[in-house]
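Peer 1: Have a look at this one before I ask anything.
There are 2 protein chains.
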Amino acid sequence: MIATENTVIWTDFDKLGAVKELENAGKTDLVKEMSQNGAKRVKEYTVPMACGLDYNYAAKAVNDDILDKLQALADEAQLADKFSLLYNGDVINTGEKRLVLHQLTRGQLGNDVVADGVNKREFYVGVQKKVAEFAEKIHNGEITTEDGSRFTEVVQIGIGGSDLGPRAMYIALENWAKRNNRFKMKAYFISNVDPDDAAAVLGTVDCAHALFILVSKSGTTLETLTNESFVKDALKTRGLDPSKHMIAVTSETSPLAKSSDYLAAFFMDDYIGGRYSSTSAVGGAVLSLAFGPDVFADFLEGAAAEDRLATGSDIRKNPAMLDALIGVYERNILGYTATAVLPYSQALSRFPAHLQQADMESNGKSVNRFGNPVDYPTGPVIFGEPGTNGQHSFYQLLHQGTDIIPLQFIAFKENQCGQDVDIQGSTSQQKLIANVVAQIVAFACGKDDENRNKYFAGGRPSSLIIGEQLTPGSLGALLSHFENKIMFQGFIWNLNSFDQEGVQLGKVLAKQVLAKNYDGALKEYAGLFGM
Amino acid sequence: MIATENTVIWTDFDKLGAVKELENAGKTDLVKEMSQNGAKRVKEYTVPMACGLDYNYAAKAVNDDILDKLQALADEAQLADKFSLLYNGDVINTGEKRLVLHQLTRGQLGNDVVADGVNKREFYVGVQKKVAEFAEKIHNGEITTEDGSRFTEVVQIGIGGSDLGPRAMYIALENWAKRNNRFKMKAYFISNVDPDDAAAVLGTVDCAHALFILVSKSGTTLETLTNESFVKDALKTRGLDPSKHMIAVTSETSPLAKSSDYLAAFFMDDYIGGRYSSTSAVGGAVLSLAFGPDVFADFLEGAAAEDRLATGSDIRKNPAMLDALIGVYERNILGYTATAVLPYSQALSRFPAHLQQADMESNGKSVNRFGNPVDYPTGPVIFGEPGTNGQHSFYQLLHQGTDIIPLQFIAFKENQCGQDVDIQGSTSQQKLIANVVAQIVAFACGKDDENRNKYFAGGRPSSLIIGEQLTPGSLGALLSHFENKIMFQGFIWNLNSFDQEGVQLGKVLAKQVLAKNYDGALKEYAGLFGM
Chain A
1 MIATENTVIW TDFDKLGAVK ELENAGKTDL VKEMSQNGAK RVKEYTVPMA CGLDYNYAAK
61 AVNDDILDKL QALADEAQLA DKFSLLYNGD VINTGEKRLV LHQLTRGQLG NDVVADGVNK
121 REFYVGVQKK VAEFAEKIHN GEITTEDGSR FTEVVQIGIG GSDLGPRAMY IALENWAKRN
181 NRFKMKAYFI SNVDPDDAAA VLGTVDCAHA LFILVSKSGT TLETLTNESF VKDALKTRGL
241 DPSKHMIAVT SETSPLAKSS DYLAAFFMDD YIGGRYSSTS AVGGAVLSLA FGPDVFADFL
301 EGAAAEDRLA TGSDIRKNPA MLDALIGVYE RNILGYTATA VLPYSQALSR FPAHLQQADM
361 ESNGKSVNRF GNPVDYPTGP VIFGEPGTNG QHSFYQLLHQ GTDIIPLQFI AFKENQCGQD
421 VDIQGSTSQQ KLIANVVAQI VAFACGKDDE NRNKYFAGGR PSSLIIGEQL TPGSLGALLS
481 HFENKIMFQG FIWNLNSFDQ EGVQLGKVLA KQVLAKNYDG ALKEYAGLFG M
Chain B
1 MIATENTVIW TDFDKLGAVK ELENAGKTDL VKEMSQNGAK RVKEYTVPMA CGLDYNYAAK
61 AVNDDILDKL QALADEAQLA DKFSLLYNGD VINTGEKRLV LHQLTRGQLG NDVVADGVNK
121 REFYVGVQKK VAEFAEKIHN GEITTEDGSR FTEVVQIGIG GSDLGPRAMY IALENWAKRN
181 NRFKMKAYFI SNVDPDDAAA VLGTVDCAHA LFILVSKSGT TLETLTNESF VKDALKTRGL
241 DPSKHMIAVT SETSPLAKSS DYLAAFFMDD YIGGRYSSTS AVGGAVLSLA FGPDVFADFL
301 EGAAAEDRLA TGSDIRKNPA MLDALIGVYE RNILGYTATA VLPYSQALSR FPAHLQQADM
361 ESNGKSVNRF GNPVDYPTGP VIFGEPGTNG QHSFYQLLHQ GTDIIPLQFI AFKENQCGQD
421 VDIQGSTSQQ KLIANVVAQI VAFACGKDDE NRNKYFAGGR PSSLIIGEQL TPGSLGALLS
481 HFENKIMFQG FIWNLNSFDQ EGVQLGKVLA KQVLAKNYDG ALKEYAGLFG M
């Protein structure tokens, strides 16, 4: 039975009975649990994900009783029903009155979704097909530069969701692609309105053989249009015709859609939020050009497989839902204010920055989905850097600071490049793994010491996503996991996770500054800069 | 008069009378203050820094009364005296019983500091001179590769402080150097024990013309030695002699110091913590090679000038001390748990990651400098990304999330590359500035709206460091400002900011995993990875 608007009730978090139960439940002594029953917990507190990944939550401050109460919360908050509403095409983005269809870019989870007279799944698949055909023509030389030579590099011009996600995914797969003979074109990214960003990239790129992808859903993003002009000027200076070097990814109604300024235009729509657009043409164009359409298809398949796992209502079999619930437990019951994402994989170096956007832009809200203020903490601060680098940096605070920061580790059995070195009886990969394992246990169990400076209180919760290797498929699964985790947390907090009104005021005031339409502090600050 | 150990009293934060005064003081209504008196505050609440920078705190939730009470706190905590003890060579790092001398790498602030029978200023200057001579020989071709060709690239192998700071400084100056004809050699960095990190860099670098800098104070950092082996193997595979391609930056007592495996060795000592080592040979070697010794000297001079400003006891003239006090006020009186660093300069893209280490590793502690537990919050979470990128990402939470996150903006009147484009009546640089100005006011003043989803509560405090341009000098001043801010906060919280016992437990457990000397959770986790 498909959930309908009539069977689903949207309730504020603090009005849910299950929350009271959680507040009154006994806490888990994580140090004791992990020290005494650690092996058992590691074996039992794990949920399979797609593409060979597992979500292990042994080192989270939960026990069977708390898990039961989290299940009750999931049931009372109707998380599975709400997700069903979403993927069946309900207007989940209440603020902007839009459907939320990023899952549909990678698979059909429910009924056909028809909007604006179009079957949206067919639309997204159609765009993917067009992107794939175009990429193949670039790769096989059917489409060339003005002088008939091959395009060898691709440059994405976009900001926010048109930058962070695609950039993180590109970095995640670049070395995998090189190792597996899937590497087609080196990709670069221009995002910041700081002109030094574009200048530096253009100083590096071989413009004569570069294809630029202009990405803006509305076709009006000021940073992106400014950088487009910057690039066009640079191309003209080099005697190149910009319209022969540029494609657009935009919505069908955008001013860019039918412009003759571009070799081609590929469409997205209002039902794909920027931060959820890596699996749409926003990520599809650059990733298909860089690695070939097959790699992008594998990435989508991994995400789709993980999405299917997220449809279930049993939290012990639904890793995204479980992760979401544990996160809410940490945020609202235990009172922790931040979460660190710690991938033990250099390829995921920008994955935390992408999650920072995806999570903080989605759930950094103080009003519920009906626009009424809420009385409970919502989205936490998200930050992170790859391990082992972070170990030599901010881990000091994570281990011995006065606040507890929950941790999300990610690690793989195999590296991507297949090169390694044996030092002191172990490979680098083994050292990497030994470190992530050691950190989880150190954070959870701590260590007693008479010297309080060398004492570790422990009780610092973490979870581990473990996989065989970071591949297009497992990367897709990873992305989907976090997207769905964020969605479920938004449901639990009764937020609209799919708008971002908080970015508007700055835009309005920036325009006032540029128009010199200001007074007071705004004028005085502008004056400091001579504006 | 120089402070002495006898005139200085180390007191826990919660035992200071000035703290009670601050707790009892009336709060500032930032929305009202900035809306009504904003222009006046912007004019008055500013402190000159070195190299043309200014620290503007108009949008911080302080008023004259709170500033007076912060001054009283600074006086009672004897901040200027404690800094004086430090730069005059007292054993400030109580845990490791070491002096703290990173300021001495860039200037003489107090008396001569003699330790281990050596005048340490002369020692640091001597090393800088040797680094400069070596760099010049590389640049002018006196030292060449085996086949007599020039070295064209430099690769730093190090982790933590041997990576984050030098990398952030390199990125900060790369485009400035190119524009100003100071660019000598492209630099790369290998840090992570993940073998994919080294493999990727070695896949990019022209090894036959690359000079590798091995950086490890102890000469025993496992990640760094492992990556050294990785690099040596790669060089040998290419028929190159590693000893002709590698220099070391280490302590005189390290096993690397006199090895014939290196073209040269440059020394640091135990009085320079890793996270404070950018102005020592750790940063000096790579920056002098990349940009020339003169650029590095300008960088040091900027840092020294800012250090001198930090010696004063009047908080209204000491930007680092004032910044530190306001941060403590926000952390301990207002209860904010994180701080975002937001440079409106693409060149500072990794500066927040460096500050994340510098701050969180220094002050993420739960015991005071005598090893006794403290009962108050210490170092906050530090995170950040460059603007305007962040505006399209996590700013949603900063504007409308349920927690208030204090902000540190950094911006410059001029960009580095000198290329720009005029779109819709303004340049990119003007747009960049308009955005930072707009954000400060938006965060402080908010905006009323009947639609609560479009309502901004405001009252979100920020400060602004503003400069003419990011140059070697202003970068040095910026670095020094934050190093000294962290130091003063450590003094206020009565911490030892210069050890990092919190990183030890993970190392011990990782060794146990590699030796298969484990049981319980550790063994079970290792088993998940097949170890």
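First to last, the protein sequences are chains A and B.
Going by the working numbering, the first sequence opens with residue 1, and the numbers climb by one from there.
Going by the working numbering, the second sequence opens with residue 1, and the numbers climb by one from there.
Think of the CB as a built atom: it goes at the ideal place given N, C-alpha and C, for glycine as much as any other residue.
From a predicted model like this one, the values you see are computed outputs, not experimental measurements.
(1) DSSP state of glutamine 126 of chain B, grouped into three classes?
(2) Short of 8 Å in beta carbon distance, which residues of its chain neighbour leucine 528 of chain B, apart from the five on each side in sequence? Order them along the chain.
(3) Run through DSSP, which three-state label would tyrosine 455 of chain B get?
(4) Which residues, in chain order, does the region 331-344 of chain B contribute to contact with chain A at a C-beta distance below 9 Å?
(5) Would you verify that the beta carbon of asparagine 435 of chain A is, or is not, closer than 8 Å to some beta carbon of chain B?
(6) Just checking: is the beta-carbon of histidine 102 of chain B within a distance shorter than 8 Å of some beta-carbon in chain A?
(7) Ordered along the chain, which non-local residues of its own chain (more than five positions away) have a Cβ less than 6 Å from that of tyrosine 188 of chain A?
(8) Which same chain residues, not among the five before or five after threonine 427 of chain A, have their C-beta less than 8 Å away from its C-beta?
(9) Tell me, please, which residues DSSP counts as bridged to methionine 268 of chain B.
(10) Roughly how many angstroms separate the alpha carbons of glutamine 357 of chain B and tryptophan 176 of chain A, rounded to a whole number?
(11) Would phenylalanine 383 of chain A pass as an interface residue toward chain B - the criterion being a Cβ-Cβ separation below 8 Å?
(12) Between alanine 72 of chain A and glycine 312 of chain A, which are expected to be in contact by the criterion C-beta below 8 Å, what is the C-beta distance as a whole number of angstroms?
(13) Considering only residues of the same chain and omitting the five flanking positions on each side of alanine 132 of chain A, which have a CB-CB separation below 7 Å?
(14) Do we get a CB-CB distance below 8 Å when we pair arginine 452 of chain A with the residues of chain B?
(15) For phenylalanine 299 of chain A, name the three-state secondary structure that DSSP assigns.
(16) Run through chain B and tell me which residues come within less than 7 Å of methionine 34 of chain A, C-beta to C-beta.
(17) Of the residues B:Leu300, B:Leu342, B:Arg460, which one's Cα is nearest the Cα of phenylalanine 412 of chain B?
(18) Taking the alpha carbon of alanine 210 of chain B as the point to measure from, which residue in B:Gly473, B:Lys217, B:Arg238, B:Asp197 has its own alpha carbon closest?
(19) Contact check, aspartate 269 of chain A vs methionine 246 of chain A under 8 Å by CB: the rounded distance?
(20) Tell me the DSSP secondary structure of valine 19 of chain B in three-state form.
(21) Using Cβ-Cβ distances below 8 Å, what residues of the region 394-417 of chain B are close to chain A?
(22) Against chain B, which members of the region 192-226 of chain A pass a CB distance test of less than 9 Å?
(23) Taking the alpha carbon of aspartate 147 of chain B as the point to measure from, which residue in B:Glu23, B:Thr388, B:Leu240, B:Ala39 has its own alpha carbon closest?
(24) How would you write the range of the beta strand (DSSP E) that lysine 186 of chain B sits in, first residue to last?
(25) Are the Cβ atoms of alanine 264 of chain B and leucine 256 of chain B separated by less than 8 Å?
(26) When we look at the beta-carbon of glutamate 142 of chain B and count the other beta-carbons within 10 Å, is it buried (16 or more) or exposed?
(27) For alanine 342 of chain A, which three-state DSSP category applies?
(28) Given a limit of 9 Å on CB to CB distance, which residues of the region 479-502 of chain A reach chain E?
(29) Can you pull the DSSP bridge partners for valine 154 of chain B?
(30) If the criterion is Cβ atoms closer than 8 Å, does the pair alanine 290 of chain B and methionine 185 of chain B meet it?
(31) Could you check the C-alpha separation between methionine 1 of chain A and leucine 109 of chain A for me, to the nearest Å?
(32) For the alpha helix (DSSP H) containing threonine 224 of chain A, list its first residue and its last residue.
(33) Counting only beta-carbon atoms, is phenylalanine 13 of chain B nearer than 8 Å to chain A?
(34) CB-CB under 8 Å to arginine 106 of chain A, same chain, minus the five flanking residues each way: which ones, in chain order?
(35) With the cut-off set at 8 Å, would you say serine 362 of chain B and proline 406 of chain B are in Cβ contact?
(36) If asparagine 192 of chain B and threonine 388 of chain A are in contact, beta carbons under 8 Å, what's the gap, nearest whole angstrom?
Peer 2: Concretely, from the data shown:
(1) Counting from one through the second sequence, the residue named residue 126 of chain B turns up at place 126. Looking at the sequence itself, residue 126 of chain B is glycine, so the reference to glutamine does not match. Glycine 126 of chain B falls in the helix class under three-state DSSP.
(2) As a working mapping, residue 528 of chain B is identified with position 528 in the second sequence. Excluding the 5 residues flanking it on each side, leucine 528 of chain B has no same chain C-beta neighbour closer than 8 Å.
(3) Taking the first residue of the second sequence as 1, we reach residue 455 of chain B at position 455. In the structure shown, tyrosine 455 of chain B sits in coil (DSSP, three-state: anything other than H, G, I, E or B).
(4) Flagged, chain order: Thr337, Ala338, Ala340, Tyr344.
(5) By 1-based counting over the first sequence, the position of residue 435 of chain A is 435. Using beta-carbon distances, asparagine 435 of chain A counts as an interface residue toward chain B, with a partner under 8 Å.
(6) As a position in the second sequence, residue 102 of chain B is number 102, starting the count at 1. No, histidine 102 of chain B lies away from the interface with chain A (no Cβ there is under 8 Å from its Cβ).
(7) For the purposes of this step, residue 188 of chain A is taken as residue 188 along the first sequence, with counting starting at 1. Same-chain partners within the cutoff: Val155, Val201, Val205.
(8) To locate residue 427 of chain A, count along the first sequence from 1; it is residue 427. Answer for threonine 427 of chain A: Asp420, Val421, listed in chain order.
(9) One-based indexing of the second sequence puts residue 268 of chain B at position 268. Under DSSP, methionine 268 of chain B forms a beta bridge with B:Ser251.
(10) As a position in the second sequence, residue 357 of chain B is number 357, starting the count at 1. As a position in the first sequence, residue 176 of chain A is number 176, starting the count at 1. Spanning the two alpha carbons is a distance of roughly 29 Å.
(11) Here residue 383 of chain A corresponds to residue number 383 of the first sequence, with the count starting at 1. In terms of beta-carbon proximity, phenylalanine 383 of chain A lines the interface with chain B, with at least one pair separated by less than 8 Å.
(12) Within the first sequence, numbered from 1, the residue matching residue 72 of chain A stands at position 72. Within the first sequence, numbered from 1, the residue matching residue 312 of chain A stands at position 312. By a beta-carbon distance limit of 8 Å, alanine 72 of chain A does not contact glycine 312 of chain A. Their separation comes to about 16 Å.
(13) Here residue 132 of chain A corresponds to residue number 132 of the first sequence, with the count starting at 1. Contacts found: Ser288, Pro293.
(14) For the purposes of this step, residue 452 of chain A is taken as the residue at position 452 of the first sequence. Closer than 8 Å to some Cβ of chain B, the Cβ of arginine 452 of chain A qualifies, so yes.
(15) On the first sequence, residue 299 of chain A is found 299 positions in, with the first residue counted as 1. For phenylalanine 299 of chain A, the three-state secondary structure derived from DSSP is helix.
(16) As a first step, residue 34 of chain A is located in the first sequence; it is residue number 34 there, counting from the start. Taking the beta carbon of methionine 34 of chain A as reference, the chain B residues within 7 Å of it are Ala521, listed in sequence order.
(17) Taking the first residue of the second sequence as 1, we reach residue 412 of chain B at position 412. Checking every option, the nearest Cα to that of phenylalanine 412 of chain B belongs to B:Leu342.
(18) Counting from one through the second sequence, the residue named residue 210 of chain B turns up at place 210. When only C-alpha atoms are compared, the closest one is B:Arg238.
(19) Numbered from 1 along the first sequence, position 269 holds the residue referred to as residue 269 of chain A. Numbered from 1 along the first sequence, position 246 holds the residue referred to as residue 246 of chain A. Their Cβ separation, rounded to whole angstroms, is 21 Å, which puts aspartate 269 of chain A and methionine 246 of chain A out of contact at 8 Å.
(20) Taking the first residue of the second sequence as 1, we reach residue 19 of chain B at position 19. Residue state for valine 19 of chain B is assigned as helix, using DSSP reduced to three classes.
(21) From the region 394-417 of chain B, only Phe394, Tyr395, Gln396, Leu397, Leu398, His399, Gln400, Gly401, Thr402, Asp403, Ile405, Ala411, Lys413, Asn415, Gln416, Cys417 have a Cβ closer than 8 Å to chain A.
(22) Answer in chain order: Asn192, Val193, Asp194, Pro195, Asp196, Asp197, Ala198, Ala199, Ala200, Leu202, Gly203, Thr221, Leu222, Glu223, Leu225, Thr226.
(23) Here residue 147 of chain B refers to the residue found at position 147 when the second sequence is read from its first residue. In this structure, B:Leu240 is the residue among B:Glu23, B:Thr388, B:Leu240, B:Ala39 with its C-alpha nearest to the C-alpha of aspartate 147 of chain B.
(24) On the second sequence, position 186 is the one that residue 186 of chain B refers to. Per DSSP, lysine 186 of chain B belongs to the beta strand (DSSP E) from 186-190.
(25) Here the question's residue 264 of chain B lines up with position 264 in the second sequence. Here the question's residue 256 of chain B lines up with position 256 in the second sequence. No.
(26) For the purposes of this step, residue 142 of chain B is taken as the residue at position 142 of the second sequence. Taking all protein chains shown into account, glutamate 142 of chain B has fewer than 16 neighbouring C-beta atoms within 10 Å of its C-beta and is therefore exposed.
(27) Position 342 of the first sequence, counting from 1, holds the residue named residue 342 of chain A. It is worth fixing the name first, because residue 342 of chain A is leucine in this sequence and not alanine. Note: leucine 342 of chain A maps to strand in three-state DSSP.
(28) Annotation note: the requested chain E is absent from the structure, which comprises protein chains A and B.
(29) One-based indexing of the second sequence puts residue 154 of chain B at position 154. Valine 154 of chain B is bridged to B:Ala187, B:Leu211.
(30) As a first step, residue 290 of chain B is located in the second sequence; it is residue number 290 there, counting from the start. As a first step, residue 185 of chain B is located in the second sequence; it is residue number 185 there, counting from the start. Between alanine 290 of chain B and methionine 185 of chain B, the C-beta gap is smaller than 8 Å, which places the two residues in contact.
(31) Locating residue 1 of chain A in the first sequence gives position 1, where the first residue counts as 1. Locating residue 109 of chain A in the first sequence gives position 109, where the first residue counts as 1. Its pLDDT being 47, under 50, methionine 1 of chain A is placed unreliably in this model, and the value from its coordinates should be taken loosely. Whole-angstrom Cα-Cα distance: 14 Å.
(32) On the first sequence, position 224 is the one that residue 224 of chain A refers to. Per DSSP, the continuous alpha helix (DSSP H) segment holding threonine 224 of chain A begins and ends at 222-237.
(33) Along the second sequence, one-based indexing puts residue 13 of chain B at 13. For phenylalanine 13 of chain B, the answer is no, since every Cβ of chain A falls outside 8 Å of its Cβ.
(34) What you label residue 106 of chain A is simply residue 106 of the first sequence in a count that begins at 1. Close CB contacts of arginine 106 of chain A within its chain, under the 8 Å cut and outside five residues either way in sequence, are with Thr279, Leu300, Glu301, Ala303, Ala304, Asp307, Gly476, Ser480 (chain order).
(35) Residue numbering aside, residue 362 of chain B sits at position 362 when the second sequence is read from its first letter. Residue numbering aside, residue 406 of chain B sits at position 406 when the second sequence is read from its first letter. Not in contact: serine 362 of chain B and proline 406 of chain B (Cβ atoms no closer than 8 Å).
(36) In the second sequence, residue 192 of chain B corresponds to position 192, counting from 1. In the first sequence, residue 388 of chain A corresponds to position 388, counting from 1. Taking the Cβ atoms as the reference, asparagine 192 of chain B lies roughly 6 Å from threonine 388 of chain A, within the contact range of under 8 Å.
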